[in-house]
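Residue numbers (our numbering): 42 to 439.
Using N, Cα and C, we set each Cβ at its ideal position, and we do this for glycine too.
These notes are about the structure you will find just below.
Put into structure tokens, the structure is as follows:
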């Protein structure tokens with residue numbers, strides 16, 4: 042049993058070291074200037090996928106129209122995907138170009154965006170495309186910052202995606218706190234290391250040539266798949282925390298469950314599809330960014346890692362109690378250190394972000410989320426049936 046515990050120690054300590062590297066890399070952060078030193082020059086298309094978003098689409102469009110950027114250098118395009126409400130009509134009245142899609146399958150925003158890009162990138166001249174969800178609230182300087190990034194040579198830039206309704210309940214508050222940590226460690230850490238940040242699927246900017254070449258993609262988690270394809274093309278995603286977009290988190294556990302099941306299944310399928318190829322290509326090209334993509338596909342998530350750590354600690358304590366301390370106290374000490382590091386890990390991210398007290402209180406209740414997410418991961422791993430895209434209700438629709 043001691044050998045089993047040592048193997049478990051290695052399996053947990055290795056990914057924990059990897060997470061620690063990302064955290065360490067994120068410690069250095071110099072906030073960039075939000076005002077460009079040159080006149081804006083890039084022409085943007087703002088793309089918004091929408092399915093029955095009549096309750097939020099007008100506010101989002103009007104806020105985007107008020108962005109601090111020349112009005113003749115950006116246009117707003119909404120793809121009204123199989124809408125049965127007044128989304129298309131309201132979006133037109135708000136001033137957006139509306140493209141109504143009512144044929145073909147409705148399997149999520151990936152297929153709707155692909156359909157939209159086939160049209161607007163063919164018919165309209167632009168330098169870059171920015172993607173927002175229909176409920177995203179955008180900071181006024183967003184396009185200014187993206188214009189500067191594009192002028193610096195970046196090809197894909199992920200803005201800071203935050204939660205707009207942290208006071209909507211326990212789950213939205215926890216999601217808000219987790220996004221603070223995730224953005225800091227997973228995105229800023231990777232960018233500081235010269236690797237590729239995550240594609241959050243919202244508040245992200247692409248040079249139009251990238252989308253013309255490889256498209257957006259379809260699937261349960263087409264944004265995750267696109268990041269893998271970009272890595273294989275040698276394209277990195279740069280994280281820009283000063284460009285902020287805020288979207289709503291699910292208000293109920295039922296909505297959160299459907300969303301998480303889709304993410305877990307889609308990520309698992311994409312990892313199975315790309316992990317080996319990323320590993321081989323990364324080794325062949327000696328490219329750490331591609332190898333990082335492979336590691337992310339192979340290694341367990343933070344939630345799974347924490348569950349493993351707690352389980353192995355419990356087993357080691359049980360063995361020590363039943364059999365006696367045969368080389369066990371040292372292992373118990375190591376497991377205690379690992380579990381402590383896992384629990385402290387998100388708190389460090391909040392400290393880096395100078396988060397308020399309520400974020401720490403939300404994270405301290407995160408063990409319930411870890412248990413819940415691990416249960417969903419087991420259902421995805423061993424369950425049958427497809428995980429379908431389900432629209433999430435917005436604040437005020439409950």
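Burial state of residue i, where buried means 16 or more other Cβ atoms lie within 10 Å
i: residue 294; result: exposed
i: residue 143; result: exposed
i: residue 221; result: buried
i: residue 397; result: exposed
i: residue 275; result: exposed
i: residue 347; result: buried
i: residue 400; result: buried
i: residue 183; result: buried
i: residue 279; result: buried
i: residue 313; result: exposed
i: residue 446; result: Past the edges of the chain, shown from 42 to 439, lies residue 446, and the structure says nothing about it.
i: residue 216; result: buried
i: residue 47; result: exposed
i: residue 175; result: buried
i: residue 58; result: exposed
i: residue 355; result: exposed
i: residue 107; result: exposed
i: residue 339; result: exposed
i: residue 419; result: exposed
i: residue 196; result: buried
i: residue 385; result: exposed
i: residue 12; result: Residue 12 lies beyond the range of the chain shown here (42 to 439); nothing can be said about it.
i: residue 51; result: exposed
Local conformation of residue i per DSSP, three classes
i: residue 141; result: strand
i: residue 82; result: coil
i: residue 378; result: helix
i: residue 66; result: helix
i: residue 282; result: strand
i: residue 61; result: helix
i: residue 407; result: helix
i: residue 258; result: coil
i: residue 75; result: For residue 75, the predicted model reports a pLDDT of 47, less than 50, meaning its position is unreliable and no value from the coordinates is stated.
i: residue 149; result: coil
i: residue 275; result: coil
i: residue 287; result: strand
i: residue 359; result: helix
i: residue 299; result: helix
i: residue 396; result: coil
i: residue 248; result: strand
Neighbour flag for residue i against chain B, beta carbons, 7 Å
i: residue 124; result: Absent from the structure is chain B; it holds one protein chain and no more.
CA nearest to the CA of residue i, picked from the options
i: residue 131; options: 244, 101 and 50; result: 101
i: residue 290; options: 115, 82, 178 and 114; result: 178
i: residue 296; options: 213, 125 and 167; result: 213
i: residue 119; options: 104, 125, 138 and 127; result: 138
i: residue 165; options: 86, 422, 358 and 341; result: 86
i: residue 81; options: 263, 188, 299 and 254; result: 188
i: residue 322; options: 173, 185, 416 and 271; result: 271
i: residue 148; options: 56, 200 and 307; result: 307
i: residue 228; options: 200, 54, 159 and 379; result: 200
i: residue 391; options: 255, 115, 327 and 226; result: 226
Rounded Cβ spacing between residue i and residue j (contact assumed at less than 8 Å)
i: residue 370; j: residue 353; result: The Cβ separation is near 15 Å, so there is no contact.
i: residue 151; j: residue 259; result: 4 Å
i: residue 268; j: residue 240; result: 4 Å
i: residue 301; j: residue 203; result: Not really, about 19 Å apart at Cβ, beyond 8 Å.
query = At which residue ranges does the stretch 159 to 242 contain complete beta strand (DSSP E) runs of 3 or more residues, listed in the order of the chain?
reply = Within the stretch 159 to 242, the runs of beta strand (DSSP E) that reach at least 3 residues and sit entirely inside it are, in chain order, 169 to 172 and 197 to 204.
ask   = For the stretch 90 to 141, which segments carrying the alpha helix (DSSP H) assignment without a break, of at least 4 residues, lie completely within its bounds, in sequence order?
value = Entirely contained in the stretch 90 to 141, the alpha helix (DSSP H) runs reaching 4 residues are, in chain order, 98 to 106 and 128 to 135.
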